[in-house]
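Participant: The structure under discussion is supplied below as structure tokens; questions concerning it will follow.
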Amino acid sequence: MYNRCGRTVEIPFIHGRKEKQARISSPSPRVMRKATAIIRSGGIIAFPTETVYGLGADAFNPIAVARIFEAKNRPLFDPLIVHIADLSQLGALASVVDRRAGRLAGRFWPGPLTLVVPKSERVPDIVTAGLDTVAVRMPDHLIALDLIKGSGTPIAAPSANRFGYISPTKATHVLEQIGDRVDMIIDGGGCSVGVESTIIKIDGDRSVVLRPGGVPIEEIEAMIGPVETAPVTAGDPESPGRLPSHYSPRMPVFLASGIRDIDFSRSDAGFLLFRKPEFEVPVERTEILSVDGDLNEAAANLFSSLHHLDKMPIRAIIAEPVPEKGLGIAIMDRLRRAAHRGEGET
Ligand code: TXA
Ligand code: MG
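Following the working numbering, the numbering of the sequence shown begins with 14 at its first residue and continues without gaps.
Right, dumping it as structure tokens:
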């Protein structure tokens, strides 16, 4: 499954800085042994999951977790997701796992679903930003699961990007943003889902979607009935990290109301399209998420396309909306928040 050895690549950093040589390691058995030793000794490691790359530390080591916040420039009020490799670890993190949480875990784990449940006393406050709940997920990725199992501890991990910037779906995205701040980057190729996990808070009788993501909300409702959707407001105590402006490229993003609304004659703009249009477009400045309009493929390509456009010599990114069903709900959530800055609000 794993390649034999780590490889060394040279990539220019985005702000014009050049790192001589930064390491991205292919996940050989030797690299995985080194990675688990790093986690056990309080280090931080970027690793692939099926959604996006995470930046992980031992969830029970508050000093290691603090290094994650520092590396990302992430505010301490924004709690982290704890990643587990088997269901017994949920018992160490949660004080209660009710029936609905158990059913969702049974159906969607390993997979792109995060459950917010009452936390046990063992979970350090820095992980949960002082909340009495903890977010837990079991990723559907062999490298992530091996890293958690080998380390012998749940791993707290946000997405491995600088705070507020586009999430990484390739090892090189991590390298470009925070490569000089992490102990190791494990390369697992491109992320198959491409948008972050769906976050559901199970709270008494209520089930609230705090973030749409890799598991379509329709599939969750089919299992546990109607769920509420949390409003996107800064400082919401229910979801403190859910900011209106997020996932932002350096370039302003404008969300068009439809393909016909996009002015393709603008030479200073790049275009992010859902599907291949029936007319000619400036190919060198256009990213097409899915030629045939497949929402799963579009989600897998979203962040990578934004990263690509953000490096072009243009002044704005104009995005076509996608249908709001299935993974389209998560894609539109990310596009709206990327566009928030473009509307002149910060
Ligand atoms: O797919 C994913 O979920 C990826 C991969 C690496 O697993 N992780 C990820 O983490 O997207 P992050 O930190 O970028 O986003 C986690 C979100 C934040 O908005 C945070 O506020 C929310 O989860 N969160 C974490 N713990 C919470 C809690 N106890 N209550 C409410 N929201 C919570
Ligand atoms: Mg994130």
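All C-beta atoms, glycine included, are put in the ideal place defined by N, C-alpha and C.
This one's a predicted model, so the numbers in the text were calculated from it and none came from an experiment.
Which ranges would you report for the beta strand (DSSP E) in the region 55-131 if only whole runs of at least 3 residues count?
Facilitator: For the region 55-131, whole beta strand (DSSP E) runs of length 3 or above, ordered along the chain, are 58-60, 67-71, 94-96, 126-131.
Participant: When the Cα of residue 44 is compared with those of 329, 197, 208, which residue comes out closest?
Facilitator: Among 329, 197, 208, the Cα nearest to that of residue 44 belongs to 197.
Participant: For the candidate residues 88, 217, 274, 225, whose alpha-carbon lies nearest to that of residue 130?
Facilitator: Nearest of 88, 217, 274, 225 to residue 130, Cα basis: 217.
Participant: In the DSSP output, what is residue 216 paired with across the bridge?
Facilitator: Per DSSP, 219.
Participant: What three-state label does DSSP hand residue 34 in the structure shown?
Facilitator: Reliability fails at residue 34, whose pLDDT of 38 lies under 50, so the model's placement of it is uncertain and no value is given.
Participant: Quick check: does the Cβ of residue 369 come within less than 6 Å of any heavy atom belonging to the ligand MG?
Facilitator: Only positions 14 to 359 of the chain appear in the structure, and residue 369 is not among them; the question remains open.
Participant: Can you give me the Cβ contacts of residue 124 inside the same chain, cut-off strictly under 6 Å, excluding the 5 residues immediately before and after it?
Facilitator: Cβ within range, chain order: 153.
Participant: Using only alpha-carbon positions, find the residue among 219, 227, 244, 226 that is nearest to residue 237.
Facilitator: Of 219, 227, 244, 226, the residue nearest in Cα terms is 219.
Participant: In whole angstroms, give me the CA-to-CA distance for residue 192 and residue 174.
Facilitator: About 10 Å.
Participant: Can residue 230 and residue 221 be called in contact, C-beta distance under 7 Å?
Facilitator: For residue 230 and residue 221, no; Cβs fall outside 7 Å.
Participant: Could you name the residues whose beta carbon sits closer than 7 Å to any heavy atom belonging to the ligand ZN, keeping them in chain order?
Facilitator: Annotation note on the ligand ZN: not contained in the displayed structure, which lists the ligand TXA and the ligand MG as its ligands.
Participant: Which partner residues of residue 286 appear in the DSSP bridge assignment?
Facilitator: For residue 286, which the question treats as bridged, DSSP gives the partners 301.
Participant: Between the region 302-317 and the region 267-275, do three or more beta carbon pairs fall short of 8 Å?
Facilitator: With a cut-off of 8 Å, the region 267-275 and the region 302-317 do not count as touching, because too few Cβ pairs lie within range.
Participant: For residue 114, which residues in the same chain have their Cβ closer than 6 Å to its Cβ, ignoring the five residues on either side in sequence?
Facilitator: These residues qualify, in order along the chain: 128, 130, 215.
Participant: Contact defined as beta carbons within less than 8 Å: I believe residue 183 pairs with residue 203. What is the distance between those atoms, to the nearest angstrom?
Facilitator: Yes, they are in contact, since the Cβ atoms of residue 183 and residue 203 sit about 6 Å apart, within 8 Å.
Participant: Would you kindly report the start and end of the unbroken beta strand (DSSP E) that includes residue 267?
Facilitator: Looking at the DSSP string, the run of the beta strand (DSSP E) that includes residue 267 is 266-268.
Participant: Can you grab the Cα-Cα spacing for the pair residue 138 / residue 96, in whole Å?
Facilitator: Going from the Cα of residue 138 to the Cα of residue 96 covers about 16 Å.
Participant: Which value, in whole angstroms, describes the spacing of the CA atoms of residue 60 and residue 52?
Facilitator: Residue 60 and residue 52: Cα-Cα distance of roughly 12 Å.
Participant: Assuming the contact rule is C-beta atoms closer than 8 Å, residue 312 and residue 343 should be a hit. Round their C-beta distance to whole Å, please.
Facilitator: With 8 Å as the limit, residue 312 and residue 343 qualify as a contact, their Cβ atoms being about 6 Å apart.
Participant: In the DSSP output, which residue or residues are listed as bridge partners for residue 148?
Facilitator: According to DSSP, which records beta bridges pairwise, residue 148 is partnered with 94, 129.
Participant: Can you tell me the Cα-Cα spacing of residue 224 and residue 147, whole angstroms?
Facilitator: The straight-line gap from Cα to Cα measures roughly 15 Å.
Participant: Taking its Cβ as the centre, do 16 or more other Cβ atoms sit within 10 Å of residue 86, making it buried, or is it exposed?
Facilitator: Classification for residue 86: exposed.
Participant: Can you list, in chain order, the residues of its chain whose CB lies under 8 Å from that of residue 160, leaving out five sequence neighbours each side?
Facilitator: Around residue 160: 45, 48, 49, 52, 58, 60, 69, 168, 199.
Participant: Tell whether a beta-carbon distance below 7 Å holds between residue 179 and residue 89.
Facilitator: No, they are not a contact pair.
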